[in-house]
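Working notes for the structure below.
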Amino acid sequence: MKNIVFVAAPAAGKGTQSDLLVKKYGYAHISTGDLLRNEVASGSEFGAELKKIMESGSLVSDEIVTELLRKRLECDDVNNGFILDGYPRNVAQAETLDTLLESLGKKVDVCISLDMDMDTALKRALGRISCPQCGAGYNKFFDAMKPKTEGICDNCGSTLISRSDDNEETFKTRFETYIKSTEPLLDYYKDKGILDVISCNGTPEETFNEIESVIK
Ligand SMILES: [Zn+2]
Numbered sequence: 004m005k006n007i008v009f010v011a012a013p014a015a016g017k018g019t020q021s022d023l024l025v026k027k028y029g030y031a032h033i034s035t036g037d038l039l040r041n042e043v044a045s046g047s048e049f050g051a052e053l054k055k056i057m058e059s060g061s062l063v064s065d066e067i068v069t070e071l072l073r074k075r076l077e078c079d080d081v082n083n084g085f086i087l088d089g090y091p092r093n094v095a096q097a098e099t100l101d102t103l104l105e106s107l108g109k110k111v112d113v114c115i116s117l118d119m120d121m122d123t124a125l126k127r128a129l130g131r132i133s134c135p136q137c138g139a140g141y142n143k144f145f146d147a148m149k150p151k152t153e154g155i156c157d158n159c160g161s162t163l164i165s166r167s168d169d170n171e172e173t174f175k176t177r178f179e180t181y182i183k184s185t186e187p188l189l190d191y192y193k194d195k196g197i198l199d200v201i202s203c204n205g206t207p208e209e210t211f212n213e214i215e216s217v218i219k
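Those letters in the sequence shown? Residues 4 to 219, by our numbering.
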């Protein structure tokens, strides 16, 4: 199985797609956010230091993130292929990752960029509604994702609530920032000949089918 770097536009459904890959193929899912949280929760000395840094509002340094990644990538379960989520975010981190993987006899096989046009992304993000009782998710802007009765959960009949932290303006800013900041990173993988851009404007199933055709 392949080692995958996932880069995704806001609201492109990265979480859903990585969950599907983990369930169907048994990939190790590596998120740097989780690594940091897990280390803090472990109660280790290092975790206690991390907690201080995070509580002070400072950014955790690249060195620390690299160290956590190294520890994670040395685990046996990643030998069957992994998905890196939320890392690298820039070219410097991509280079660090390559060096780190090389020292472990591994490499990135493919960078999958989950791409979306901004209008679709905007509807996805702002139309998100979910059930506070059973957790079911819906979207009021897409027919296939609407509840059968407006505002009511299909499963349990509870009243649905909006899940968006964004308004139109904050989302557009976030989206444009994403496009600008990831361009050099995507170019980095393109130059290596391992970039696959997948359009996520369709349903999650359609996106997953495309991802499967890339990783097979
Ligand atoms: Zn429900």
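Virtual Cβ for every residue (Gly too), placed ideally from N, Cα, C. A quick note: this is a predicted structure, and the numbers were derived from the prediction, not measured.
Ligand 1 heavy atom lying under 7 Å from the CB of residue i
i: L139; result: A quick correction: the sequence has Ala, not Leu, at residue 139. For ligand 1, at least one heavy atom lies less than 7 Å from the Cβ of A139.
i: S161; result: yes
i: N142; result: no
i: N204; result: no
i: N82; result: no
i: Q96; result: no
i: C156; result: yes
i: Q20; result: no
i: C78; result: no
i: C134; result: yes
8 Å contact criterion, which residue i and residue j should meet: CB distance rounded
i: P13; j: A128; result: 7 Å
i: L103; j: R73; result: 6 Å
i: V113; j: K5; result: 6 Å
i: T180; j: Q20; result: T180 to Q20, Cβ: 22 Å. No contact.
i: L163; j: I132; result: 4 Å
i: I33; j: I86; result: 7 Å
Residue(s) in a DSSP beta bridge with residue i
i: G140; result: S133
i: I33; result: L87
i: V200; result: S116
i: T162; result: I155
Endpoints, beta strand (DSSP E) assigned at residue i
i: F9; result: 7–11
i: L117; result: 113–118
Spatially closest choice to residue i from the options, by CA coordinates
i: V200; options: P187, I214, T206; result: I214
i: D88; options: T35, V68, K126, N170; result: T35
i: A95; options: T123, S184, S59; result: S184
i: K219; options: G205, Y28, G50, N204; result: Y28
i: F178; options: I7, F9, V8, A15; result: A15
i: S161; options: P135, E172, N170; result: P135
i: L146; options: K126, N158, G84; result: With the sequence shown as reference, residue 146 is identified as Asp, and Leu is not the correct amino acid for it. Checking every option, the nearest Cα to that of D146 belongs to K126.
i: G108; options: L163, D122, G84; result: G84
Alpha helix (DSSP H) segment containing residue i, residue limits
i: L103; result: 94–106
i: P207; result: 207–218
i: K27; result: 17–28
i: V68; result: 65–76
i: P187; result: 171–194
i: A51; result: 48–58
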